[in-house]
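Worksheet: the structure to be examined is printed underneath.
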Amino acid sequence: MRLNHIVIMVAALGAASPADAISRYNSQSLTCDQARQRVLNEGAVILRYPSTRVRGMTLYDRYVTRNALCAPHEYAERAYVPTRDEPRCPVLNCQSYDPLPGRFGKPIIRF
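Its first residue numbered 182, the sequence shown is counted upward by one per residue in our numbering.
Structure representation (structure tokens):
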């Protein structure tokens with residue numbers, strides 16, 4: 182009986198602890214180096230920027246430093262975001278992974 186109480190207490194404390202929040206940044210207010218440094222320092226961030234195709238629409242995505250920060254069925258792929266000083270700043274974001282027959286392992290793309 183006492184063990185049940187301990188298990189319930191541990192579960193309640195775990196559920197009550199705050200989740201790690203992910204930082205959000207406007208990519209066009211940062212230089213390319215600053216945006217990349219934020220991703221490197223935090224592991225994953227959300228960057229948002231205005232669409233070039235649809236007026237008034239804001240685009241955003243989660244950008245990461247490596248495959249380990251993606252879901253098991255995803256990998257970190259090269260992507261580009263506009264920053265204050267660069268129209269195409271290289272970063273990584275998670276994309277679905279569908280291996281070809283005979284291929285094992287996810288591609289590794291360096292940040």
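Every residue, glycine too, gets a C-beta built ideally from N, C-alpha and C.
Note that this is a predicted model, so its numbers are computed, not measured.
Which whole-angstrom value is the C-beta distance of L221 and D242, which I expect to be below 8 Å?
Contact doesn't hold; Cβ gap of about 17 Å is too wide.
According to DSSP, simplified to helix, strand and coil, what is D266?
coil
Taking H254 as the reference, give the member of I290, P280, Q215 with the closest Cα.
P280
Please report the straight-line C-alpha distance between N274 and A260, rounded to a whole angstrom.
6 Å
Identify, in the order they occur along the chain, each residue of the same chain with its Cβ nearer than 8 Å to the Cβ of E267, setting aside the five sequence neighbours on each side.
T212, C213
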